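Enquirer:
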Amino acid sequence: MRTFPGFFYRDPLRCGLARMKPSISLVSALMLCSCALTPTVNTRRAGQHWNYYGKLLDVYRDQTGGRPVALVWLDQVQFNQVTPGEFVKTVKLLGTQGYRKIGFVSVRSEYFVDPYEVKKLAADKGAKLIVGTWFKSARSRARYPVTEYWYQLLDK
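Heads up: the sequence shown is residues 3 to 158, going by the numbering used here.
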């Protein structure tokens with residue numbers, strides 16, 4: 003081993019491996035911890051934000067009145083499309099059959115509001131049935147045709 007005044011010779015392989023040991027252990031520790039922090043289906047609670055549905059949460063109007071909601075999965079939510087004239091009648095009829103209102107989504111947009119996105123929101127909010135309708139809005143001054151979407155979220 004050659005030495006110079008004030009300097010010591012270091013083996014480049016040992017030096018690189020010594021620097022990598024702490025970073026390898028840090029990466030492996032982060033990987034182990036991240037698995038434990040990821041939510042699973044076993045830890046999901048009723049009302050917990052689980053699915054992604056964009057900005058629909060901004061236009062969602064809660065109608066539960068603080069009552070607890072059920073844990074509902076996406077495949078348990080049913081969708082019923084009706085005409086705009088039948089919307090209010092259908093919601094009232096379902097109310098007499100024991101359904102209660104969970105929430106309401108009303109959107110006026112030139113873009114299509116996919117009922118599947120509303121279905122994901124309904125599952126997170128505890129609704130088992132969605133009554134939906136959409137129609138061209140007559141009171142719009144936009145260059146493009148604007149459609150109005152109404153979705154009533156119901157639970158039994």
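All residues carry an ideal CB built from backbone N, CA and C; glycine is no exception. Remember, it's a predicted structure, so these values are computed and weren't measured experimentally.
Between Y146 and G134, how many whole angstroms is the CB-CB distance? I'm expecting something under 8 Å.
Expert: At roughly 22 Å, the Cβ-Cβ gap does not stay under 8 Å, so Y146 and G134 are not in contact.
Enquirer: Can you give the Cα-Cα distance for F137 and S30, rounded to whole angstroms?
Expert: 54 Å
Enquirer: Should V82 and L155 be called a contact, given that it needs their Cβ atoms to be closer than 8 Å?
Expert: Val is not the amino acid found at residue 82; the sequence shown has Asn there. No, the pair does not count as a contact, with Cβ atoms beyond the cut-off.
Enquirer: Cα separation between V115 and S27?
Expert: Those two C-alpha atoms are separated by around 47 Å.
Enquirer: Classify A140 as buried or exposed, calling it buried when 16 or more other Cβ atoms lie within 10 Å of its own Cβ.
Expert: exposed
Enquirer: On a CA-only basis, which of D157, D60, Q65 and Y151 is nearest V109? Give me that one, please.
Expert: Closest option to V109, Cα to Cα, is Y151.
Enquirer: Would you kindly report the start and end of the unbroken beta strand (DSSP E) that includes L155?
Expert: T149 to D157
Enquirer: Between G105 and D64, is the Cβ-Cβ spacing less than 8 Å?
Expert: yes
Enquirer: So Y62 is in the beta strand (DSSP E); what residue range does that whole segment cover?
Expert: Y62 to D64
Enquirer: Can you tell me whether T98 is helix, strand or coil according to DSSP?
Expert: helix
Enquirer: Indicate whether Y113 and D157 have their beta-carbon atoms separated by less than 8 Å.
Expert: no
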